[in-house]
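Everything on this sheet refers to the single structure shown next.
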Amino acid sequence: MKFPRSILVAATAAIAFGAAHAADPGYFTKYDGMRMSRNGAGVLLVEMNTQGGPIKFSAREHEQFVDAFYDIGRDRGNKVVILTGAGGQWMGDIDFASFGNVADPDVWSKVHDEGTQIVENIANIRVPMICAVEGKAWVHTEYCLLANVIVAGNGATFHDAPHFAGGIVPGDGIFTTWSYRVGPTRAEAMLLAPKPLSAATAKEWGAVTEVVPDGRATSRAYEIAADYLKKPEVTLRNTRIHFVQPLKQALVQQTGYGLSLEGASASALVKSFNASK
383 MKFPRSILVA ATAAIAFGAA HAADPGYFTK YDGMRMSRNG AGVLLVEMNT
433 QGGPIKFSAR EHEQFVDAFY DIGRDRGNKV VILTGAGGQW MGDIDFASFG
483 NVADPDVWSK VHDEGTQIVE NIANIRVPMI CAVEGKAWVH TEYCLLANVI
533 VAGNGATFHD APHFAGGIVP GDGIFTTWSY RVGPTRAEAM LLAPKPLSAA
583 TAKEWGAVTE VVPDGRATSR AYEIAADYLK KPEVTLRNTR IHFVQPLKQA
633 LVQQTGYGLS LEGASASALV KSFNASK
């Protein structure tokens, strides 16, 4: 049977449309705090953002990122994951007010569960992960420290702005991850006297793998990813699984407990604010 040319053209277009959509899973556009794109080799670029610009982390992202990192980890189309921030900032700001009354146990229970699930879901990403840092990495650097490699622009800085500096315990995995990467002595000193840490110092301490000219972190991450992809996929997956396992165990043991302590300190902070009014 000979089909009319119009039907053949329509069928070809439908196949091409379906193939294009098959390459872009629905979760790529599900989370407005993450802009995702994947190249033909399977390298997933995740750009944290707020309305396309630098991310201002809020309760909305705290909730969304649980499922976002889970979706990323379960998608076998992802061969390497690059985590970065939009607008020249990795993550420099946080909207404290968006979390509501953190002295309310119902509110903190949600924060506790999400915080625990986010880091566990990042640790469960079973392919090599690269963190590309430009500008400020001042909030939730534990996400970055769960990567296998950190590439930082020369002007990048690392900091823990929200916790001890703001009067609460750094219990959400940030102490666990910094201790694992640079040792507990440096981690304790850094978190008890928080101030911006240069990319060069972070490299000297062993947290950052490479320092590159500003604006080059993501492109360098792609170069590293291309080298990784020369290896068999099973090798890539199993190497990530093997390398992250000790840190995953530490997070499972410490994050839930740490967030409970952080919640108590948040409640005490609210109490002190109310008493001073």
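Sequential numbering of the sequence shown, starting at 383, is according to the working numbering.
Yeah, the Cβ is synthetic: ideal placement off N, Cα and C, and Gly gets one too.
| query | Could you check where the beta strand (DSSP E) with Gly467 kicks off and where it finishes? | reply | The residue you call residue 467 lines up with position 85 of the sequence shown. 462 to 467 is the span of the beta strand (DSSP E), which, as asked, contains Gly467.
Give the secondary structure of Ala589 by DSSP, where H, G and I count as helix, E and B as strand, and everything else as coil.
Along the sequence shown, one-based indexing puts residue 589 at 207. Looking at Ala589 - three-state DSSP - the assignment turns out to be coil, as it is neither helix nor strand.
What does the Cβ neighbour count give for Asp406, buried or exposed, with the cut at 16 atoms within 10 Å?
Position 24 of the sequence shown, counted from the first residue, corresponds to residue 406. Answer is exposed; the Cβ neighbour count stays below 16.
- Secondary structure of Gly565, DSSP reduced to three states: Within the sequence shown, residue 565 is the residue found at index 183, counting from 1. It is coil, neither helix nor strand.
* Would you check if the stretch 496 to 513 and the stretch 622 to 640 touch, i.e. whether three or more CB-CB distances between them fall below 8 Å? => yes
Residue burial classification, Leu426 (beta-carbon count within 10 angstroms, cutoff 16): Counting from one through the sequence shown, the residue named residue 426 turns up at place 44. Label assigned to Leu426: buried.
Suppose only complete runs of 3+ residues qualify. What are the beta strand (DSSP E) ranges in the stretch 508 to 557, listed by chain order?
If we require 3 residues or more, the beta strand (DSSP E) runs fully inside the stretch 508 to 557 come out as 511 to 515, 531 to 535.
Can you tell me whether His403 is buried or exposed, with buried defined as 16 or more other CB within 10 angstroms of its CB? Taking the sequence shown and counting its residues from 1, one reaches residue 403 at position 21. Any answer about His403 is weak, because its pLDDT of 45 lies below 50 and its placement is not dependable; what the coordinates show is given next. Its Cβ having fewer than 16 others within 10 Å, His403 is exposed.
DSSP state of Val484 mapped onto helix, strand, coil
Here residue 484 is taken as the residue at index 102 of the sequence shown, counted from 1. If DSSP states are grouped into helix, strand and coil, Val484 belongs with coil.
Discussion item. Just to confirm the assignment, what range does the beta strand (DSSP E) spanning Ser419 have?
Written reply: The residue you call residue 419 lines up with position 37 of the sequence shown. Element bounds for Ser419: 416 to 420.
- Query: For Ala670, is the classification buried or exposed, using 16 other Cβ atoms within 10 angstroms of its Cβ as the cut-off for buried?
  - Reply: Coverage of the chain is limited to positions 383 through 659, which leaves residue 670 absent and any answer about it impossible.
Exercise for the section: Inspect the beta-carbon positions of Gly638 and Thr498 and report whether they are closer than 9 Å. Expected result: In the sequence shown, residue 638 corresponds to position 256, counting from 1. In the sequence shown, residue 498 corresponds to position 116, counting from 1. Closer than 9 Å, so yes.
Any idea which residues DSSP pairs Val425 with across the strands?
-> Taking the sequence shown and counting its residues from 1, the one referred to as residue 425 is at position 43. Bridge pairing for Val425: Val462 [DSSP].
>> Considering only their Cβ atoms, is the gap separating Gly469 from Pro436 smaller than 9 Å?
In response: For this step, residue 436 is matched to residue 54 along the sequence shown. For this step, residue 469 is matched to residue 87 along the sequence shown. Yes, they are a contact pair.
> Around the Cβ of Thr559, are there at least 16 other Cβ atoms within 10 angstroms (buried) or fewer (exposed)?
Replying inline: Translated into positions along the sequence shown, residue 559 becomes position 177. Result: buried.
Self-check item: C-alpha gap between Phe410 and Pro576, whole angstroms
Solution: In the sequence shown, the residue the question calls residue 410 occupies position 28. In the sequence shown, the residue the question calls residue 576 occupies position 194. Roughly 35 Å separates the two Cα atoms.
Can the beta-carbon of Lys518 be found closer than 9 Å to that of Ala534?
-> By 1-based counting over the sequence shown, the position of residue 518 is 136. By 1-based counting over the sequence shown, the position of residue 534 is 152. Taking C-beta atoms as the reference points, Lys518 and Ala534 fail to come closer than 9 Å.
### Task
Starting from the Cα of Asp449, find the closest Cα among Tyr413, Ala423, Gly434, Trp472 and give me that residue.
On the sequence shown, position 67 is the one that residue 449 refers to. Nearest C-alpha to Asp449: Tyr413.
message = Tell me which residues share the same chain as Arg417 and place their Cβ nearer than 6 Å to its Cβ, disregarding the 5 neighbours each side in the sequence.
response = To locate residue 417, count along the sequence shown from 1; it is residue 35. The answer, listed in chain order, is Glu429, Asn431.
Inter-residue spacing [alpha-carbon to alpha-carbon] between Arg420 and Glu445:
Position 38 of the sequence shown, counted from the first residue, corresponds to residue 420. Position 63 of the sequence shown, counted from the first residue, corresponds to residue 445. Near 23 Å, if we compare the C-alpha coordinates of Glu445 and Arg420.
Inset, instruction - Ignore the nearest five residues each way along the sequence and tell me which others in Ser480's own chain have a CB closer than 6 Å to its CB. - result: Along the sequence shown, read from residue 1 onward, the residue named residue 480 stands at position 98. Taken in chain order, the residues that qualify are Ser440, Ala441.
The stretch 522 to 532 touching the stretch 488 to 504, judged by at least three CB pairs closer than 8 Å: yes
Thinking just about the alpha-carbon of each residue, which of Gly408, Gln471, Gly455, Val462 is nearest to the one in Gly597? If you number the sequence shown from 1, residue 597 lands on position 215. Answer by Cα proximity: Gln471.
Mind checking who Phe439 pairs with in its DSSP beta bridge?
For the purposes of this step, residue 439 is taken as residue 57 along the sequence shown, with counting starting at 1. Answer is Ile476, bridged to Phe439.
Margin query: One question on the structure: do Ile500 and Phe447 come within less than 9 Å of each other, judged by their Cβ atoms?
Written below: As a working note, residue 500 is residue 118 in the sequence shown. As a working note, residue 447 is residue 65 in the sequence shown. Yes, these two residues count as a Cβ contact at 9 Å.
| Can you tell which of Ile476, Asp457, Ser642 has its C-alpha closest to the C-alpha of Pro552? | For the purposes of this step, residue 552 is identified with residue 170 of the sequence shown, where counting begins at 1. Among Ile476, Asp457, Ser642, the Cα nearest to that of Pro552 is on Ser642.
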